[in-house]
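Engineer: In the working numbering, the protein residues as written are 242 to 390.
The beta-carbon is built from N, C-alpha and C at its ideal position, and this holds for glycine as well.
Bear in mind that the values here come from a model prediction, so they are computed numbers and not experimental data.
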Ligand code: RB5
């Protein structure tokens, strides 16, 4: 299950993301705002991140105007590795090397076609694993736990 969330800045883009998820036949849960009225992005990043961190959802795709504020908010939740992404290379590597479990997009940064490509690549790329990448991801998680690396 993929959780999708957005503030007003991500509202328009969200509908393009639904198209990809439907094409890929991936079930999703939309918990974002459906209104164009200004709202606080931390709320949406936090709510989506909580669902991923608890295991209720496998991954999350979140959107605000830039992708920045909502990703910063999601990354404050323990267990979350959220990437802000506006290119396909970063989308691929954030999965292959960093095992990102959330993707943030800027509704005012990327157009719908690029966003759809990014989402598809991000969803279809597995974590490469292996000693080197696993060690580094573990180091990120250790920092989060307050462990001195
Ligand atoms: C809202 O205007 C905007 O600040 C928000 O969508 C996002 O871009 C924040 O990082």
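1. For residue 301, list the residues DSSP reports as bridge partners.
2. Compute every distance between the C-beta of residue 352 and the non-hydrogen atoms of the ligand RB5, then say whether any falls below 6 angstroms.
3. Drop a sphere of 10 angstroms on the beta-carbon of residue 279, count the other beta-carbons inside from all chains shown, and report buried for 16 or more, exposed for fewer.
4. The ligand RB5 heavy atoms versus the CB of residue 253: any closer than 6 angstroms?
5. Alpha carbon to alpha carbon, how far is residue 250 from residue 295?
6. Using the rule of at least 16 other Cβ atoms within 10 Å of the residue's Cβ for burial, across every protein chain shown, is residue 255 buried or exposed?
7. So, under 8 angstroms CB-CB, residue 324 and residue 314 are touching, yes? Tell me the CB distance rounded to an integer number of Å.
8. Taking its Cβ as the centre, do 16 or more other Cβ atoms sit within 10 Å of residue 362, making it buried, or is it exposed?
9. Would you mind reading off the limits of the alpha helix (DSSP H) that contains residue 309?
10. With residue 290 and residue 301 assumed to form a contact (beta carbons below 8 angstroms), what rounded beta-carbon distance in angstroms separates them?
Structural biologist: The answer reads as follows:
1. Stepping through the chain shown from its first residue, residue 301 is reached at position 60. Bridge partners of residue 301: 244 and 343.
2. Along the chain shown, one-based indexing puts residue 352 at 111. No, the ligand RB5 has no heavy atom inside 6 angstroms of this Cβ.
3. For the purposes of this step, residue 279 is taken as residue 38 along the chain shown, with counting starting at 1. Residue 279 is exposed by the Cβ-count criterion.
4. For the purposes of this step, residue 253 is taken as the residue at position 12 of the chain shown. Residue 253: no, Cβ never under 6 angstroms from the ligand RB5.
5. On the chain shown, residue 250 is found 9 positions in, with the first residue counted as 1. On the chain shown, residue 295 is found 54 positions in, with the first residue counted as 1. When rounded, the distance between both Cα atoms is 26 angstroms.
6. Mapped onto the chain shown, residue 255 falls at position 14. Buried is the call here.
7. Position 83 of the chain shown holds residue 324. Position 73 of the chain shown holds residue 314. Actually they are not in contact, since the Cβ atoms of residue 324 and residue 314 sit about 14 angstroms apart, beyond 8 angstroms.
8. For the purposes of this step, residue 362 is identified with residue 121 of the chain shown, where counting begins at 1. So residue 362 ends up on the buried side.
9. Numbered from its first residue, the chain shown carries residue 309 at position 68. From DSSP, the alpha helix (DSSP H) with residue 309 extends over 309-315.
10. Taking the first residue of the chain shown as position 1, residue 290 is located at position 49. Taking the first residue of the chain shown as position 1, residue 301 is located at position 60. At roughly 7 angstroms, the Cβ-Cβ gap stays under 8 angstroms, so residue 290 and residue 301 are in contact.
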